[in-house]
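What follows is a single structure, written as structure tokens, with notes after it.
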Amino acid sequence: MARRFCFIPDPTLKAKTVEDRALLELIEPVAESLGLDIVRVRLMGGTLRRRLQIMAERPSDHDIAVEECARLSRAVSEVFDAADPINGEYLLEVSSPGVDRPLTRQSDFDLFEGYEARLETDRMIEGRKRFKGMIAGTDGENIAIDLDGEEDTALIPFEWLVDAKLVLTDELMKAGAEKRAARNDNTETED
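Numbering (my numbering), first residue to last: 35 to 225.
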């Protein structure tokens, strides 16, 4: 039986394909019931063995514990057992977005202002589709970025983005280490 996927515009970069968006519609309510936000959903691979990658985080601190990943994995598995949205075998992978995370919501560009990012657009802008520079927040519906080697801040419409990701830099690694240290301190205090 052929599966039908209706196209519902996604004002985020959480899902790339029509199939990803259909899966996101099933996954997002499950994550929200567990107090989590979905960062990204990708179904990857060929027809034999596919991998469904779900990146999630707590909205309060943009982090996630291993136990929360396991709970989300079990809850999604229950929904998928009933709905059977993926043909054939697949591997379910639930994880944090990581230090060099994808930027999938416009709010991410305010949250990670001052960090380096790579952006890709769906159309040419001044002769190119790929951009790298320091995130300078947002301006209305636009992403503000101080591009490498240029003096002016570029404004790129968020809806033109097809991919955006933080670049792994020393500053980003340091911020990630500080976050982990703070989390470990809080865990030890709770115990």
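Each residue gets a CB set at the ideal place from its N, CA and C atoms; glycine is no exception. Source: prediction; values computed, not measured.
Residues sharing a beta bridge with residue i, DSSP
i, result
"residue 74", "89"
"residue 145", "The partner list for residue 145 (beta bridge, DSSP) is empty, contrary to what the question assumes."
"residue 155", "195"
"residue 188", "179"
"residue 173", "176"
"residue 136", "199"
"residue 49", "75"
Three-state secondary structure assigned by DSSP to residue i
i, result
"residue 230", "Since the first and last residues shown for the chain are 35 and 225, residue 230 lies out of range."
"residue 208", "helix"
"residue 66", "helix"
"residue 165", "strand"
"residue 61", "helix"
"residue 99", "coil"
"residue 130", "coil"
"residue 125", "strand"
"residue 150", "strand"
"residue 55", "helix"
"residue 200", "strand"
"residue 83", "strand"
"residue 115", "helix"
"residue 94", "coil"
9 angstroms Cβ cutoff, residue i in contact with chain C
i, result
"residue 133", "The structure shown contains no chain C; it is built from a single protein chain."
Same chain only: Cβ atoms within 7 angstroms of residue i, ignoring 5 sequence neighbours per side
i, result
"residue 54", "75, 76 and 77"
"residue 155", "163, 190, 194, 195 and 196"
"residue 69", "92"
"residue 169", "143, 146, 147, 148, 149, 151 and 179"
"residue 133", "202, 206, 207 and 210"
Of the residues the options, the one placed nearest residue i, counting alpha carbons only
i, options, result
"residue 71", "85, 81, 50 and 106", "106"
"residue 157", "182, 192 and 151", "192"
"residue 160", "139, 180 and 188", "188"
"residue 179", "202, 146 and 211", "146"
"residue 198", "219, 218 and 139", "139"
"residue 127", "80, 88 and 84", "88"
"residue 67", "216, 215 and 109", "109"
"residue 60", "80, 86 and 81", "86"
Beta-carbon contacts of residue i that lie in its chain and below 8 angstroms, excluding the five residues immediately before and after
i, result
"residue 112", "none"
"residue 84", "77, 78, 120, 122, 123, 124 and 125"
"residue 47", "74, 136, 137, 138, 139, 195, 196, 197 and 198"
"residue 64", "106, 109, 110 and 113"
message = For the pair the stretch 165-174 and the stretch 118-128, tell me if three or more CB-CB distances fall below 8 angstroms.
response = no
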